[in-house]
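If you read the sequence shown in the UniProt record's numbering, its first letter stands for residue 1, the second for the next number, and so on. I have placed the structure first, in the form of structure tokens, so that the comments after it can refer back to it.
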Amino acid sequence: MTVELIITLSIVILAILIYTVTYFIRKKHYERIDELDRIKKELYSKMPSDKIRTLDKMMITGQSKEVADSVIADVNIIEGKNLPAVESHLFDAEQATDRYRFNQSTKSEQKAEELLKETEENILLTSEKMDELLQREQANLRKIDSIKKRYHKVRKELLAKSFTFGESINSLEDRLGVMENLFTSFSDLTASGDHEEAKKVVNQLESRLTEMEAMIVSIPELNSKIENDYEKQLEEIKEGYEKLIEQDYIFPESFDIEEHISQLSTKIVQLKGLLAQLELEEIESEQANVEQIIDELYDAMEKEINAKYSLEKLLRKLPKIIYYVTNQSKELSLEIDRIGQSYQLYQGEQETYGEMNNAMQEQKNVVASLTEQIEKNSIAYSDAEELLLQAFSQLENLSHSYDTLSESLYAYRDKEKEIKKDLEEMEHALREMKRYIQGKHLPGLPDDYLDLFFYTTDHLEQLSVELARPRLDLEEVTRLHALSDEDIEHLADKTEETVDNALLTELTSQRLYRYKEDYPGVMETIKYSEALFLDEYNYETSLKMVREKLESIEPGAFEEVKSLYKKEMSNAQ
């Protein structure tokens, strides 16, 4: 096959392909144009022409007429502008397809489709508005009929139970009169054909009627609350207050009960005025204030009544506790004198006792003053009760304080006995340490040990002298006791340390002696250690010398010696 033939066949095949593709594209565009044209024709058939003719024949006025004219104008725009514009876009799309200008055709098709959707929505909207206009009169009449039935029910309720509405009845009847005028207005608007304006009147009537229905439910309850609760409670409070005053009750200055009664009376009048004006929301907030004042007044009177009975019990208890605390004070005074003869009081007991007596006298004066005021009826029972309860509490605290101070005084003797017993034990311990160290047959004792021993002995002697005084200075005795106790503990440790060092020196020297032939300097160390041991009694340094020499020759040997020594000492005990 020649090259020319191949090129010719390729061109023919390409031409066929182009023709085929172009054919199918054109076909697709023609089909889309036909579909859009079909939709356009359907929209023409959906145009509410019959409804427009019906509207033209109807006698409508006012706002209804304005709405009708607006809807008709919208329909005219759809017929005269929108649908012709769709037809124009479709024509342009068809022309572009014929000329193989597929992009231009697509744009025209899209414009036609968007305008068709918008037009369909407008047709539905205008049709709904027309239906509403055509049905407005009947809808209004059906609704007004329902409202009238409810209205007559409310009116009947007001007439039958007018006494339950109190001073609000006039305002409620005025509202019914306003609703009657609205019914008349509805009839006039309906007769003139202004059904849109009539609809507004219907909505007003429904709103007012709903409000009235809620009022005729809530107002009787509010009115009953005011008349049967608040006013009766006010009367009861007034009567109760007058009876209490006749019985010589006095109320605290901090709570002006007459002012509160006046406020309550004013608030109730205000509530009735708000009810008369149908200010129901404001009534709810004011009710809380009224109920609070009522509670406060009842509480104030109940508080005084209860306080009177409590006072009667309290006035019987107070003399008893005063008598008891006074006896405590007298007994404590004798105890202070007695203890003071044997001991120097160093913890301020005398001053504390004087302060407590002053406090007791102060509370006695408070009780006497309040008792006099109660007898003269010059103080409120609640105030007197509060102050006397405080006094009673103070006297109870004083009683506990007297007991505590008494225990503190008795502790002097107990402390003396305890220290004397400790002194005997410390003297015994000192003698035991002396015998113990003597039993070890040491060549002598180090100077620091002897100093500590005599220092401890001096402290024990001083403590013994202080304890023998006819009037003990327990503060000084306590100080010496602490020093002596510390010295004894220190001396016990020092005794054990001295004995351990001396005996360990002997054992370590014996172990080191084994190496006298093999290691030079062993004998020299032993001799020098022995000189410190026998001449200076410096057992600590003596042990250190032989220990270090032994460890340099036989590491760990000293620990073996020490372990063996502890075992022997443990068995000896």
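Built from N, CA and C at the ideal position, the CB exists for glycine as well.
Checklist entry - Between the Cα of Ile257 and the Cα atoms of Val561, Leu271, Ile226 and Tyr298, which residue gives the shortest distance? => result Of Val561, Leu271, Ile226 and Tyr298, the residue nearest in Cα terms is Tyr298.
Checklist entry - CA-CA distance, Met59 and Leu205? => result Reliability fails at Met59, whose pLDDT of 49 lies under 50, so the model's placement of it is uncertain and no value is given.
Checklist entry - Residues in its own chain within less than 6 Å of Glu236 by CB, not counting five upstream and five downstream? => result Excluding residues within five positions, none has a Cβ falling inside 6 Å.
Item to check | Extent of the continuous alpha helix (DSSP H) to which Asp487 belongs | outcome: Counting along the chain, the alpha helix (DSSP H) containing Asp487 begins and ends at Leu474 to Tyr513.
Item to check | alpha helix (DSSP H) segment containing Lys417, residue limits | outcome: Run containing Lys417: Tyr381 to Gly439, per the alpha helix (DSSP H) assignment.
Checklist entry - For Thr2, which residues of its own chain have a beta-carbon under 6 Å away from its beta-carbon, when the five flanking residues on both sides are left out? => result Hits under 6 Å: none found.
Checklist entry - Does the distance from the C-beta atom of Leu274 to that of Ser171 stay below 8 Å? => result Taking the C-beta atoms as reference points, Ser171 is found no nearer than 8 Å to Leu274.
Item to check | Same chain, Cβ closer than 7 Å to Gln350, five either side skipped, listed in chain order | outcome: Closer than 7 Å at the Cβ level, and outside the excluded window around Gln350, lie Ile336.
Next on the checklist: Mapping the DSSP letters down to three states, classify Asn538 as helix, strand or coil.
Outcome noted: Three-state DSSP puts Asn538 in coil, outside helix and strand.
Checklist entry - If we count the other Cβ atoms within 10 Å of its Cβ and call it buried at 16 or more, is Gln247 buried or exposed? => result Per the 10 Å Cβ criterion, exposed.
Next on the checklist: Check this for me: beta carbons of Leu474 and Glu418, under 8 Å apart or not?
Outcome noted: Not in contact: Leu474 and Glu418 (Cβ atoms no closer than 8 Å).
Checklist entry - So, do the region 217-225 and the region 339-358 have three or more beta carbon pairs nearer to each other than 8 Å? => result Too few Cβ pairs lie closer than 8 Å, so no.
Checklist entry - From what residue to what residue does the alpha helix (DSSP H) around Thr456 run? => result Element bounds for Thr456: Asp447 to Leu467.
Checklist entry - Helix, strand or coil: which one does DSSP assign to Glu349? => result Three-state DSSP puts Glu349 in a helix.
Checklist entry - Using CA coordinates, which residue listed in Asn357, Leu244, Ser262 and Pro443 is at the minimum distance from Ala502? => result Of Asn357, Leu244, Ser262 and Pro443, the residue nearest in Cα terms is Pro443.
Checklist entry - Could you give the distance in angstroms between the alpha-carbon of Phe251 and the alpha-carbon of Ile379? => result Between Phe251 and Ile379, the C-alpha separation is close to 8 Å.
Item to check | Residues near residue 591 by beta carbon distance below 7 Å, same chain, minus five either side | outcome: What is shown of the chain runs 1 to 573, which leaves residue 591 out entirely.
Checklist entry - Going by alpha carbons, who is nearest to Lys549 out of Asp535, Ser262, Asp448 and Met523? => result If you compare the alpha carbons of Asp535, Ser262, Asp448 and Met523 with that of Lys549, the shortest gap goes to Met523.
Next on the checklist: Between Glu540, Pro520, Arg479 and His490, which has its C-alpha nearest Thr508's C-alpha?
Outcome noted: Checking every option, the nearest Cα to that of Thr508 belongs to Glu540.
Checklist entry - How long is the line joining the alpha carbons of Glu197 and Leu271, rounded to whole angstroms? => result It is roughly 38 Å from the alpha-carbon of Glu197 to the alpha-carbon of Leu271.
Checklist entry - Excluding five sequence neighbours on each side, which residues of the same chain lie with their C-beta closer than 8 Å to the C-beta of Ala557? => result Around Ala557: Arg511, Leu550 and Glu551.
Checklist entry - Near Lys57, what residues of its chain come up, given a Cβ to Cβ distance below 6 Å and the 5 sequence neighbours on each side ignored? => result The pLDDT assigned to Lys57 is 49, lower than 50, so where the model puts this residue is not dependable, and the model offers no usable value.
Next on the checklist: Beta-carbon within less than 6 Å of residue 578's beta-carbon, same chain only, minus the 5 sequence neighbours each way: which residues are those?
Outcome noted: The shown model of the chain, from 1 to 573, leaves out residue 578, and the question about it has no answer.
Checklist entry - Going by other Cβ atoms of all chains shown within 10 Å of its Cβ, with 16 needed for buried, is Phe453 buried or exposed? => result Per the 10 Å Cβ criterion, buried.
Item to check | Per-residue DSSP class, three states only, for Pro555 | outcome: Coil at Pro555, not helix or strand.
Next on the checklist: Excluding the 5 residues flanking Pro446 on each side, which residues of the same chain have their C-beta closer than 6 Å to its C-beta?
Outcome noted: Contacts found: Tyr537.
Checklist entry - Which residues mark the beginning and the end of the alpha helix (DSSP H) in which Gln270 is found? => result According to the DSSP assignment, Gln270 belongs to the alpha helix (DSSP H) that extends over Ile257 to Ala276.
Item to check | N- and C-terminal bounds of the alpha helix (DSSP H) containing Asp229 | outcome: From DSSP, Asp229 is part of no alpha helix (DSSP H); its letter is neither H nor E.
Checklist entry - Is the region 450-469 touching the region 394-406 in the sense that three or more CB pairs, one from each, lie closer than 8 Å? => result Pairwise C-beta distances place the region 394-406 out of contact with the region 450-469, as fewer than three of them are shorter than 8 Å.
Item to check | Best match in Asn357, Leu423 and Thr371 for proximity to Thr326 [C-alpha to C-alpha] | outcome: The candidate whose alpha carbon is nearest that of Thr326 is Asn357.
Item to check | Validate contact between the region 429-443 and the region 370-379 using beta carbons, cut 8 Å, 3 pairs | outcome: Touching, no.
Checklist entry - Is Asn289 helix, strand or coil by DSSP? => result The answer is helix: DSSP assigns Asn289 an H, G or I state.
Item to check | Whole-Å CB distance - Val201 paired with Ile147, under 8 Å assumed | outcome: 10 Å between Cβ atoms; not a contact.
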